[in-house]
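**Q** Right, I'll just put the structure down here and ask away after.
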Amino acid sequence: MDNPTGIQQTQEICENKRAIIDQIIAENQNRPGAMMVVLNETQGKIGYISPAMQKYIAKKLRVPVGAVHGVVTFYSFFTTEPRGKHTMKFCMGTACYVGGIPQLMEKAKQITGTEIGKTTADGNLTMEICRCVGACSQAPVVTVDDEVIGHIKPNKFPALIKKLLES
Amino acid sequence: MAFYRSHVLVSVDPECLAKGAHEVIDALNDELIAQGLLDEVQVLETSRIGDPYRLGPDMLVYPEKEHYANLSADDIPYLVEEHFLKGRVVEKFRAQEKAVSDEELGAPKPKEVRIVLRNCGKIDPHNIEDYIAEDGYQSLAKVISSMTPEQVIAEVSKSGLRGRGGAGFPAARKWQLCRQVPDNPKYLTCNADEGDPGAFMNRRVLESDPHSVVEGMIIAAYAIGASRGYIYCRAEYPIAVQNLKIAIAQAHEFGFLGDDIFGTGFSFDLEVRMGAGAFVCGEETALIASIEGKRGEPRPRPPFPAVKGVWGKPTNNNNVETYAVVPQIILKGAEWYASMGTEKSKGTKTFAIAGDVINTGLIEVPFGITLREVIFDVGGGIKDGKQFKAIQTGGPMGGCLTAEQLDLPLDYEALTAAGSMMGSGGLIIMDHETCMVDMARFFMEFTQDESCGKCTPCRVGTRRILEILEKICAGEGQPGDLETLEDLCYEVTRNSLCGLGQGAPNPVISMLKHFRAEYEAHIYEKKCPARVCKALIRYEIQAAACTGCTVCARNCPVEAINGERRQAHIIDVDKCIRCGICAQVCNFNAIQVLS
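Following this line, the structure appears as structure tokens:
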């Protein structure tokens with residue numbers, strides 16, 4: 003990573019994102035242990051938590067920026083960069099691993115020309131690995147924008163990716 | 009009290025009423041009078057039975073449990089004559105069950121006993137009345153109105169219920185410990201951070217029967233004297249979170265949660281907290297840190313959460329399944345529950361079976377059933393007629409067991425004695441085409457990645473173990489590697505702070521113990537006997553079997569396969585990345601894996 007802490011970057015948060023965060027904080031700030039809830043909601047509604055947002059949240063919750071950054075980087079669901087329009091997650095649970103997820107990842111890398119963990123150049127698709135989604139009886143499984151797609155056949159898979167790239 | 013031989017429940021929810029449910033009831037009463045059956049058949053109004061939009065107006069006839077649907081008043085005379093007078097089921101009015109294929113659960117398989125999963129797939133999780141119709145919240149009423157907290161703990165203690173999260177600590181003793189701490193307020197947490205790959209029992213309960221968990225938690229809170237509870241659910245389970253939130257809101261509406269429950273002065277409230285993708289948060293002290301909004305890092309125990317938990321206050325933490333079973337124990341009695349299972353492990357346990365077995369999915373069986381019964385009777389045996397090789401119990405921190413241990417009874421002590429553990433209940437069955445070095449590497453990759461990094465033995469140790477395993481898989485293993493592995497495993501197990509580090513080496517230790525020859529083949533002969541490890545295998549097309557259909561060449565991601573149509577194809581070994589897609593797509597089994 004170019005900037006391992008990511009904290010020095012000081013781009014502004016645009017107005018409507020700030021409004022979303024303000025609302026999330028207003029709804030949750032009196033809850034004990036609000037930070038996880040606020041970050042979860044921010045990640046869910048905005049899609050990522052940039053260093054500038056982390057600073058802003060820290061200020062609003064009156065906690066050190068380091069505490070917010072520590073939590074954001076600890077949990078794998080929080081991302082600091084925007085994702086693509088769609089996110090495909092490859093389930094790395096045991097059943098999916100045995101059921102052929104590694105092969106599907108190879109195929110995906112080849113079709114998109116993008117590494118797993120990155121977003122395609124056109125910003126349409128982010129590919130990630132994720133932990134067992136608990137749909138083991140449908141292995142191998144990928145999730146596309148929170149929808150679980152199971153029983154993936156290697157020969158049907160390219161069509162799925164192409165659809166996401168084009169939509 | 010009048011004795012009726014039959015009870016008819018007619019659904020009068022708004023949709024059924026709009027479709028004429030009252031006319032059906034009137035016609036029913038008229039016809040029963042006309043046939044002189046009014047003293048024998050009782051007609052009752054009830055809320056929805058099936059999907060009112062599809063089936064309404066509908067009725068359930070007990071004791072036969074016959075479900076008649078899409079009725080109109082005109083159908084009633086015929087129905088009454090046939091069913092109640094002649095005792096014949098009227099086929100044409102029977103509700104057509106929607107053909108839902110439930111791959112996870114399905115109908116109970118042989119030797120299954122469903123207690124925790126009893127409602128899953130049968131009731132509407134979004135409707136509290138469905139749960140109440142299945143005796144839901146009856147235990148809560150019984151507990152609050154007629155039992156002291158001590159009596160509740162005594163009853164649970166008598167049932168022999170042990171924590172279902174994996175460690176198997178007696179639930180009642182845990183409750184008692186928390187209850188007797190002289191500090192207030194007390195908290196209750198529910199561990200729904202089911203992170204073991206291959207385990208999804210808790211997800212299914214939370215999604216399909218959330219009220220059983222809510223009710224179990226209210227009862228536990230009453231027994232302990234807790235005033236607030238948190239259900240910590242992993243972010244990978246969005247539907248579970250949503251259903252729990254609905255269930256909690258409905259329980260509030262019905263007065264089962266909130267202030268002064270049933271007017272007894274007992275108050276309890278529940279909240280769902282979502283994780284954010286950290287496996288270690290399944291460890292109770294890490295879970296508590298996460299609820300408090302911090303990094304989910306474990307801390308040394310003691311003090312145990314029973315003394316200092318959420319916000320430094322006494323906290324009782326149990327697994328989803330533990331809470332879900334409590335209402336059943338109260339309702340049917342401790343003796344009933346304790347009559348199932350073995351001497352020290354009572355009741356039933358849910359398991360998720362995954363891997364190379366025919367019936368994958370969820371099962372619930374009494375403790376004491378053997379692994380052989382689970383795999384071959386409940387699981388239906390190994391897929392594709394292959395041979396059983398090993399079973400991993402207890403998830404990535406459990407151990408593997410072999411064919412010789414198949415007659416082991418499933419209970420906490422027997423599994424621990426055999427070098428594995430119960431864990432939360434993931435069972436991964438492996439056939440003879442699974443490489444045990446690769447499997448150990450896979451589990452280690454998982455625990456290494458999920459190690460939170462707080463303590464050195466786990467942070468560094470798991471990484472070093474993984475590196476050695478990767479080396480062996482890559483065909484670069486050296487003499488002495490296995491001994492180093494064993495030393496490392498011992499140190500990591502002994503010195504790590506929490507269960508994750510202490511358990512992480514378990515798969516390696518047990519696989520090394522049972523399949524040492526396979527490890528040695530990797531190191532000394534540079535062969536992978538199961539033909540899995542990419543660096544040690546190659547793919548070859550059997551010219552005699554190849555028809556030249558080109559399907560392999562078209563599917564190869566790196567264009568390593570060449571050949572003319574209708575001519576035998578050849579794999580370019582240098583280009584081949586050994587992904588195995590060609591062997592998967594070949595319709596003629598012409599592609600062989602060699603080591």
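Protein chains in written order, with the working numbering: chain E, 3 to 169; chain B, 9 to 603. We put the beta carbon where it would ideally sit given N, CA and C, even for glycine. Note that the structure is a prediction, hence the values are computed from the model and not measured.
1) Could you have a look at residue 600 of chain B and say whether DSSP puts it in helix, strand or coil?
2) Return the chain-ordered list of same chain residues with a C-beta closer than 6 Å to the C-beta of residue 3 of chain E, the five sequence neighbours on each side being excluded.
3) How would you write the range of the beta strand (DSSP E) that residue 240 of chain B sits in, first residue to last?
4) Would you mind working out which of B:219, B:256, B:52 sits nearest residue 128 of chain B, comparing C-alpha positions?
5) Assign residue 486 of chain B to buried or exposed, taking buried as 16 or more other Cβ atoms, counted over all protein chains shown, within 10 Å of its Cβ.
6) Please report the straight-line C-alpha distance between residue 354 of chain B and residue 72 of chain E, rounded to a whole angstrom.
7) Alpha carbon to alpha carbon, how far is residue 100 of chain E from residue 124 of chain E?
8) Residue 327 of chain B and residue 171 of chain B: beta carbons closer than 8 Å?
9) Kindly give me the distance between the Cβ atoms of residue 1 of chain E and residue 45 of chain E, rounded to whole angstroms, as I take these residues to be in contact under 8 Å.
10) Between which two residues does the beta strand (DSSP E) harbouring residue 281 of chain B extend?
11) List the DSSP bridge partners of residue 359 of chain B.
12) Output the boundary residues of the beta strand (DSSP E) element that contains residue 195 of chain B.
13) Just tell me which of B:356, B:149, B:489 has its CA closest to the CA of residue 270 of chain B.
14) The beta strand (DSSP E) with residue 366 of chain B in it runs from where to where?
15) Could you name each continuous alpha helix (DSSP H) segment of 4 residues or more that falls completely within the stretch 34–115 of chain B, going from the start of the chain to the end?
16) Starting from residue 61 of chain E, trace the alpha helix (DSSP H) both ways and give me its first and last residue.
17) Excluding sequence positions up to five away, which residues of its chain have a Cβ less than 6 Å from the Cβ of residue 77 of chain B?
18) Could you tell me whether any Cβ in chain E is nearer than 8 Å to the Cβ of residue 211 of chain B?
19) Assess contact between the stretch 205–218 of chain B and the stretch 132–146 of chain E, defined as three or more Cβ pairs (one per stretch) separated by less than 8 Å. Is contact present?
20) Can you give the Cα-Cα distance for residue 6 of chain E and residue 475 of chain B, rounded to whole angstroms?
21) Please classify residue 71 of chain B as buried or exposed, where buried requires at least 16 other C-beta atoms within 10 Å of its C-beta.
22) Taking 8 Å as the limit between beta carbons, can you name the residues of its chain near residue 9 of chain E, skipping five residues before and five after?
23) Hey, is residue 9 of chain B's beta-carbon within less than 8 Å of any beta-carbon in chain E?
24) What does residue 302 of chain B reach in chain E if we use C-beta pairs closer than 7 Å?
25) Going by DSSP, what residues sit across from residue 548 of chain B in a beta bridge?
26) Which value, in whole angstroms, describes the spacing of the CA atoms of residue 81 of chain B and residue 38 of chain B?
27) Taking any Cβ of chain E, which residues in the stretch 48–75 of chain B have a Cβ under 7 Å from it, in chain order?
28) Report the three-state DSSP secondary structure of residue 169 of chain E (helix, strand or coil).
29) Express the C-alpha separation of residue 93 of chain E and residue 28 of chain B in angstroms, rounding to a whole number.
30) Applying a beta-carbon distance threshold of less than 8 Å, which residues of chain B neighbour residue 169 of chain E?
31) Check the Cβ of residue 448 of chain B against every Cβ in chain E and list those closer than 9 Å, keeping chain order.
32) With a threshold of 6 Å on Cβ separation, who are the neighbours of residue 19 of chain E within its own chain once the five nearest residues in sequence on each side are excluded?
33) Around the Cβ of residue 440 of chain B, are there at least 16 other Cβ atoms within 10 angstroms (buried) or fewer (exposed)?
34) Are residue 34 of chain B and residue 55 of chain B closer than 8 Å when you measure CB to CB?
35) Please name the residue in B:229, B:134, B:274 whose C-alpha comes closest to that of residue 257 of chain B.
36) Does any C-beta atom of chain E lie closer than 8 Å to the C-beta of residue 324 of chain B?
**A** Straight from the coordinates:
1) As a working mapping, residue 600 of chain B is identified with position 592 in the second sequence. Strand at residue 600 of chain B.
2) Start at 1 with the first residue of the first sequence, and residue 3 of chain E comes out as number 1. Since pLDDT at residue 3 of chain E reaches only 42, below the 50 mark, its modelled position is unreliable, and no value is offered.
3) Locating residue 240 of chain B in the second sequence gives position 232, counting from the first residue. Per DSSP, residue 240 of chain B belongs to the beta strand (DSSP E) from 234–241.
4) Here the question's residue 128 of chain B lines up with position 120 in the second sequence. The shortest C-alpha separation from residue 128 of chain B is found at B:219.
5) The residue labelled residue 486 of chain B in the question sits at position 478 within the second sequence. By the 10 Å Cβ count, residue 486 of chain B comes out exposed.
6) Here the question's residue 354 of chain B lines up with position 346 in the second sequence. Here the question's residue 72 of chain E lines up with position 70 in the first sequence. Each residue's alpha carbon lies about 42 Å from the other.
7) Indexing the first sequence from 1 puts residue 100 of chain E at position 98. Indexing the first sequence from 1 puts residue 124 of chain E at position 122. Distance between the alpha carbons of residue 100 of chain E and residue 124 of chain E: 32 Å.
8) Taking the second sequence and counting its residues from 1, one reaches residue 327 of chain B at position 319. Taking the second sequence and counting its residues from 1, one reaches residue 171 of chain B at position 163. Cβ atoms of residue 327 of chain B and residue 171 of chain B: closer than 8 Å.
9) Chain E is shown from 3 up to 169; residue 1 of chain E falls before or after that span and cannot be answered.
10) Counting from 1 along the second sequence, the entry for residue 281 of chain B is found at position 273. Its beta strand (DSSP E) spans residues 274–282.
11) Translated into positions along the second sequence, residue 359 of chain B becomes position 351. B:371, per the DSSP bridge assignment.
12) Counting from 1 along the second sequence, the entry for residue 195 of chain B is found at position 187. Run containing residue 195 of chain B: 194–200, per the beta strand (DSSP E) assignment.
13) In the second sequence, counting from the first residue as 1, residue 270 of chain B sits at position 262. The shortest C-alpha separation from residue 270 of chain B is found at B:149.
14) Along the second sequence, read from residue 1 onward, the residue named residue 366 of chain B stands at position 358. Taken as a continuous stretch (DSSP letters only), residue 366 of chain B belongs to no beta strand (DSSP E), as it is neither H nor E.
15) 60–63, 84–87
16) If you number the first sequence from 1, residue 61 of chain E lands on position 59. Per DSSP, residue 61 of chain E belongs to the alpha helix (DSSP H) from 53–63.
17) As a first step, residue 77 of chain B must be located in the second sequence, where it is residue number 69. For residue 77 of chain B, where only same-chain residues beyond five positions count, the Cβ hits under 6 Å are 63, 66, 103.
18) Counting from one through the second sequence, the residue named residue 211 of chain B turns up at place 203. Yes, because at least one Cβ of chain E sits closer than 8 Å to the Cβ of residue 211 of chain B.
19) yes
20) Position 4 of the first sequence holds residue 6 of chain E. Position 467 of the second sequence holds residue 475 of chain B. Confidence is the limiting factor: at residue 6 of chain E the pLDDT is only 48, short of 50, which leaves the residue's position unreliable and the question unanswerable from this model.
21) Translated into positions along the second sequence, residue 71 of chain B becomes position 63. Exposed, because fewer than 16 other Cβ atoms sit within 10 Å of the Cβ of residue 71 of chain B.
22) On the first sequence, position 7 is the one that residue 9 of chain E refers to. The predicted model places residue 9 of chain E with a pLDDT of 45, which falls under 50 and marks its position as unreliable, so this point remains unresolved.
23) The residue given as residue 9 of chain B occupies position 1 in the second sequence. With a pLDDT of 49 at residue 9 of chain B, under the threshold of 50, the modelled position of that residue is not reliable, and the figure given next carries that caveat. So, not an interface residue.
24) Walking along the second sequence from the start, residue 302 of chain B turns up at place 294. The answer, in chain order, is 73.
25) Translated into positions along the second sequence, residue 548 of chain B becomes position 540. Beta-bridge pairing links residue 548 of chain B to B:600.
26) Working through the second sequence from its first residue, we reach residue 81 of chain B at position 73. Working through the second sequence from its first residue, we reach residue 38 of chain B at position 30. Going by the C-alpha atoms only, they are around 10 Å apart.
27) none
28) As a working mapping, residue 169 of chain E is identified with position 167 in the first sequence. Of the three classes helix, strand and coil, the one that applies to residue 169 of chain E here is coil, per DSSP.
29) Residue 28 of chain B sits at position 20 when you count from the first residue of the second sequence. Residue 93 of chain E sits at position 91 when you count from the first residue of the first sequence. Taking the straight line from one Cα to the other gives about 49 Å.
30) Counting from 1 along the first sequence, the entry for residue 169 of chain E is found at position 167. Residues of chain B passing the Cβ test: none, with the nearest at roughly 22 Å.
31) On the second sequence, residue 448 of chain B is found 440 positions in, with the first residue counted as 1. Those do not exist, as residue 448 of chain B stays about 12 Å from chain E at its closest Cβ, beyond 9 Å.
32) Taking the first sequence and counting its residues from 1, the one referred to as residue 19 of chain E is at position 17. Around residue 19 of chain E: 48.
33) Here residue 440 of chain B is taken as the residue at index 432 of the second sequence, counted from 1. Classification for residue 440 of chain B: exposed.
34) Mapped onto the second sequence, residue 34 of chain B falls at position 26. Mapped onto the second sequence, residue 55 of chain B falls at position 47. Cβ distance not < 8 Å, so residue 34 of chain B and residue 55 of chain B don't count as in contact.
35) Residue 257 of chain B sits at position 249 when you count from the first residue of the second sequence. Here the closest residue by C-alpha is B:134.
36) In the second sequence, the residue the question calls residue 324 of chain B occupies position 316. No, residue 324 of chain B does not count as interfacial toward chain E.
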